[in-house]
């Protein structure tokens with residue numbers, strides 16, 4: 262009964278720590294994210310065809326903007342580029358917008374709000390279209406809060422037309438939904454290629470993935486040059502890092518027989534490597550990582566008991582491979598530096614580590630010599646990255662080192678600094 266009560270209490274405490282960690286990180290990341298600004302190298306072309314190299318605020322929330330923020334240099338003031346003055350602009354490797362005056366179908370694509378008219382309900386707009394595929398026939402995307410449309414241009418690319426897809430109902434049936442798939446005919450006429458058959462158009466769906474596959478198949482022929490900008494926008498990246506660190510490890514050992522109270526700390530070093538996957542969404546601010554490393558905690562000391570004159574000398578020998586797996590969020594300061602926060606779980610794998618007694622009689626040795634088990638814990642950290650170098654402060658929450666069959670516990674935690682170098 263005593264064992265069950267103690268074990269349940271320890272487990273609840275660890276769960277509570279994890280909940281507090283996740284809540285803290287969510288509030289911190291959310292609040293700081295609203296304040297951060299990232300400007301990336303880009304350019305814009307004005308109405309008089311002057312091309313200006315600059316730094317443009319890269320907001321992946323751009324749908325089809327009517328303006329954008331830019332700076333002429335890192336220390337420069339933030340300026341506004343307006344659609345009436347700018348013909349096109351590009352940010353980073355994959356974000357390219359071009360101004361067009363186009364007819365945009367205003368028909369609703371929400372079930373229950375379908376139009377009773379088969380033909381598009383046009384409205385003329387001046388807008389920046391996002392370029393997805395650049396070739397002799399370009400593919401663009403138009404997106405706002407209510408609808409997503411696709412456009413094409415060819416020849417000198419001075420004009421663009423919408424690919425027509427519309428769901429509608431008739432006044433007679435009311436509930437039966439019909440589809441205007443005129444976009445298939447438009448593309449059949451525009452994309453002439455031996456790589457494409459009639460079947461490619463008849464089964465074509467009106468979404469980005471299907472349209473991209475068709476355009477790439479069209480462009481994949483001799484003499485064709487094309488650029489897949491959507492791939493550059495949504496490309497993940499892998500970083501490989503080697504790291505070293507120093508930390509303070511703390512261990513607290515207690516039992517319920519003689520009220521043993523043993524607390525000790527030790528400075529230790531770690532060495533490891535990290536594999537980080539930069540995710541292809543959210544402006545590449547999010548990453549997953551795994552960071553296996555080797556650590557060693559050794560310490561000797563006396564533990565107090567309920568009997569003031571009786572102390573137990575303990576010898577801790579803990580060598581383990583730690584495998585943190587976590588998620589990381591970057592906060593860009595400029596093109597070369599950024600802050601980051603991370604959190605996750607760790608698996609501490611050990612073999613032959615133990616807590617023992619020194620200079621004690623055989624009875625005490627039999628009671629207090631215990632094997633350290635593999636354990637699971639949680640961690641959080643924050644740091645700074647400049648180019649290929651990173652420095653992080655990381656806290657590993659308390660985790661239990663002993664099997665729950667024992668009437669005593671050993672809780673282990675660390676706080677340390679990790680320096681890493683990205684060699685990719």
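Residue numbers (our numbering): 262 to 685.
Every residue gets a Cβ at the ideal spot worked out from N, C-alpha and C, and that includes glycine.
The structure presented is a predicted model; accordingly, all values stated were derived computationally and were not measured.
Touch test, the region 585-599 against the region 530-549, Cβ-Cβ under 8 angstroms, three pairs minimum
The region 585-599, when compared against the region 530-549, does touch it at the 8 angstroms Cβ threshold.
Is it the case that the region 670-683 contacts the region 647-658, given that we only count it when at least three CB pairs across the two stretches are under 8 angstroms?
Contact between the region 647-658 and the region 670-683 is present, because at least three Cβ pairs lie under 8 angstroms.
Return yes when the Cβ of residue 349 is within less than 8 angstroms of the Cβ of residue 365, no when it is not.
It is not a contact, given that the beta carbons lie outside the stated cut-off.
Could you spell out where the alpha helix (DSSP H) holding residue 450 opens and where it closes?
Segment 443-451, the alpha helix (DSSP H) holding residue 450.
By the three-class DSSP mapping on this structure, what secondary structure does residue 492 have?
Looking at residue 492 - three-state DSSP - the assignment turns out to be helix.
Have a look at residue 422 and residue 477 and give me their C-alpha separation to the nearest angstrom.
Looking at the two C-alpha atoms, the distance is approximately 19 angstroms.
Buried or exposed: which applies to residue 382, given that a residue is buried once 16 or more other Cβ atoms fall within 10 Å of its Cβ?
With fewer than 16 other Cβ atoms inside 10 Å of its own Cβ, residue 382 counts as exposed.
Own chain residues within Cβ distance below 7 angstroms of residue 472, not counting five before or after:
Annotation for residue 472: 400, 411 place their beta carbon closer than 7 angstroms to its own, counting only its chain and skipping 5 residues before and after.
In whole angstroms, what is the alpha-carbon distance linking residue 467 and residue 426?
Their backbone Cα atoms lie some 7 angstroms apart in a straight line.
Residue range of the alpha helix (DSSP H) that residue 462 falls in?
Residue 462 -> alpha helix (DSSP H) spans 459-463.
Rounded to a whole number of angstroms, what is the C-alpha to C-alpha distance between residue 480 and residue 486?
A straight-line Cα-Cα distance of about 7 angstroms links residue 480 and residue 486.
By the 10 Å Cβ neighbour count, where 16 or more other Cβ atoms means buried, how is residue 583 classified, buried or exposed?
With 16 or more neighbouring CB atoms inside 10 Å of its own CB, residue 583 falls in the buried class.
Contact check, residue 330 vs residue 341, beta carbons under 8 angstroms:
A Cβ-Cβ contact shorter than 8 angstroms links residue 330 with residue 341.
Within 10 angstroms of the Cβ of residue 416, are there 16 or more other Cβ atoms? Answer buried if so, exposed if not.
Taking all protein chains shown into account, residue 416 has fewer than 16 neighbouring C-beta atoms within 10 Å of its C-beta and is therefore exposed.
Alpha carbon to alpha carbon, what distance is there between residue 326 and residue 333?
Cα to Cα, the separation comes out at about 20 angstroms.
For residue 547 and residue 511, what's the separation of their Cα atoms in angstroms?
Straight-line Cα distance between these residues: approximately 31 angstroms.
Within 10 Å of its beta-carbon, does residue 530 have 16 or more other beta-carbons around it, so buried, or fewer, so exposed?
Residue 530 should be labelled exposed.
Apply the 10 Å Cβ neighbour rule to residue 431 and answer buried if 16 or more other Cβ atoms are within range, or exposed otherwise.
For residue 431, the number of other beta carbons within 10 angstroms of its own is below 16, and it is reported as exposed.
Which term fits residue 361, buried or exposed, when burial requires 16 or more other beta carbons within 10 angstroms of its beta carbon?
Burial call: buried.
Name the DSSP bridge partner or partners of residue 516?
According to DSSP, which records beta bridges pairwise, residue 516 is partnered with 669.
With C-beta atoms as the reference, is residue 634 less than 8 angstroms away from residue 664?
With respect to residue 664, residue 634 sits close: the two C-beta atoms are nearer than 8 angstroms.
Taking Cβ to Cβ, would you say residue 413 is nearer than 8 angstroms to residue 372?
Between residue 413 and residue 372, the gap from beta carbon to beta carbon reaches 8 angstroms or more.
Residue 237 and residue 335: beta carbons closer than 8 angstroms?
Outside the displayed range of the chain (262 to 685) lies residue 237, so it cannot be described from this structure.
According to DSSP, is residue 681 helix, strand or coil?
If DSSP states are grouped into helix, strand and coil, residue 681 belongs with the strands.
So, with DSSP's three-state summary, where would you put residue 269?
With a pLDDT of only 47 at residue 269, under 50, the local geometry of the prediction cannot be trusted, and no value is derived from it.
Taking its Cβ as the centre, do 16 or more other Cβ atoms sit within 10 Å of residue 292, making it buried, or is it exposed?
Here the model assigns residue 292 a pLDDT of 47, short of 50, so the residue's position is not dependable, and the following value carries that caveat. Residue 292 is exposed by the Cβ-count criterion.
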